[in-house]
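Contents: one structure, followed by commentary.
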Amino acid sequence: MKFSGLTTFKVFGVAALAISLVSIWPGCKDSSAATGSASPKAHGGYVTTIYAPVLHAKLMVNPVTSPVWQAMTWRKLTPAPGHSRLYGVTRVATAVRHDALYAAFICSGDGLWYQPHANRADLWRHDAAELWLDTSKAQNGTNFLEVVMAPNGRTYECWHRAAAPPQPRANGKIDFAYPFSLIPCKISGLAVLPGQSTFRGQTVWTLVVKIPLAHLPRPLRVLAPQPKVGATFRINLIRYDWHVADGKRRLVQYNLFPIASACQAFAPYRMGAVVIGSGEAMGNVALRSR
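Quick look at the structure:
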């Protein structure tokens, strides 16, 4: 979550705090153009993931050189609303095997900006990748997980909880004042493989993350040996790409599913979904809408 130095934090629905949150989160504009006006029931598109084709296939490997990852269908992340100048390209792919969800990132650009020993809660304030995941039974935004991953493999995991499903305001804009809790946590078995490589003539940095679904916070745990074909999770994949312009640091955010910069925590209903496939057609993974 985007607050440094906190452990468990309650956000109360008061206007003054809502204004302070908007000022803390760069690029999070409270406007219909930036946030959209989707109903909580209007989910994003669907991206189908797959099982690894063979049981011994290695997924915690550099995705640029891995034949298994190369056979996946890759998606380009799109910039968040309001970002007119782009510096790089971000490609992502997902897979499921046994009781774990995997996501791979290939990130190009004009160089890396991050502090190797930054506070974990501030990793998003440097170049980083991020995964948002709701594997709860309700999948209505009352429980979901945030995992931020730095280019050197350091992580920040945070469990987001709310007493009721987050709702947009009456005018359709994101409600920055709805009350929720932030619970930093450590996920047993979570692993990140960072790397650097050359992809299509460009220097890129890469990440592969393994999310053990049986070790998530209790409302999010998937206890079956592996998710069944057809099971659906809510998800978003994000890249934070920071640059210096006019003497100031500027964020360009890229998303799998559209969301304004640094606003996903306030609008979990804007996540899309991963539908578990059979793994029989690795090159035929379609993004589709309801």
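Counting along the sequence shown from 1, when you hit position 8 you're at 8 in my numbering, and nothing is skipped either side.
Cβ coordinates follow ideal geometry from the N, Cα and C atoms, glycine included.
Does DSSP put residue i in a helix, a strand or coil?
{"i": "Leu123", "result": "helix"}
{"i": "Trp113", "result": "coil"}
{"i": "Leu86", "result": "coil"}
{"i": "Trp74", "result": "coil"}
{"i": "Gln167", "result": "coil"}
{"i": "Phe266", "result": "helix"}
{"i": "Val244", "result": "strand"}
{"i": "His68", "result": "According to the sequence shown, residue 68 is Val rather than His. Three-state DSSP puts Val68 in a helix."}
{"i": "Arg250", "result": "strand"}
{"i": "Leu190", "result": "coil"}
Give me the Cα-Cα distance between residue i and residue j, rounded to the nearest whole angstrom.
{"i": "Thr65", "j": "Trp205", "result": "13 Å"}
{"i": "Arg91", "j": "Lys173", "result": "29 Å"}
{"i": "Leu237", "j": "Thr94", "result": "10 Å"}
{"i": "Ile235", "j": "Met271", "result": "5 Å"}
{"i": "Gln70", "j": "Pro63", "result": "7 Å"}
{"i": "Phe293", "j": "Asp110", "result": "Missing from the structure shown is residue 293; the chain here goes from 1 to 290 and no further."}
{"i": "Leu112", "j": "Pro81", "result": "23 Å"}
{"i": "Pro184", "j": "Pro116", "result": "20 Å"}
{"i": "Cys158", "j": "Ala267", "result": "16 Å"}
{"i": "Pro151", "j": "Asp175", "result": "31 Å"}
{"i": "Thr155", "j": "Arg169", "result": "32 Å"}
{"i": "Leu216", "j": "His83", "result": "33 Å"}
Should residue i go down as buried or exposed, given a rule of 16 or more other Cβ atoms within 10 Å for buried?
{"i": "Asn255", "result": "buried"}
{"i": "Gln139", "result": "buried"}
{"i": "Asp246", "result": "exposed"}
{"i": "Val11", "result": "Residue placement at Val11 cannot be trusted, given a pLDDT of 37 that sits under 50; what the coordinates show is reported in the next sentence. Result: buried."}
{"i": "Asn171", "result": "exposed"}
{"i": "Leu131", "result": "buried"}
{"i": "Ser188", "result": "exposed"}
{"i": "Leu207", "result": "buried"}
{"i": "Asn342", "result": "Outside the shown range of the chain (1 to 290) lies residue 342, about which nothing can therefore be said."}
{"i": "Leu223", "result": "exposed"}
{"i": "Ser278", "result": "exposed"}
Relative to the alpha-carbon of residue i, which residue among the options has its alpha-carbon at the smallest distance?
{"i": "Val61", "options": "Phe105, Thr48, Tyr51 and Leu86", "result": "Phe105"}
{"i": "Val68", "options": "Lys137, Ala57 and Val47", "result": "Ala57"}
{"i": "Arg200", "options": "His215, Pro79, Val96 and Cys107", "result": "Cys107"}
{"i": "Arg124", "options": "Pro194, Val244, Arg169 and Leu251", "result": "This sequence places Trp at residue 124; Arg is not what is there. Answer by Cα proximity: Leu251."}
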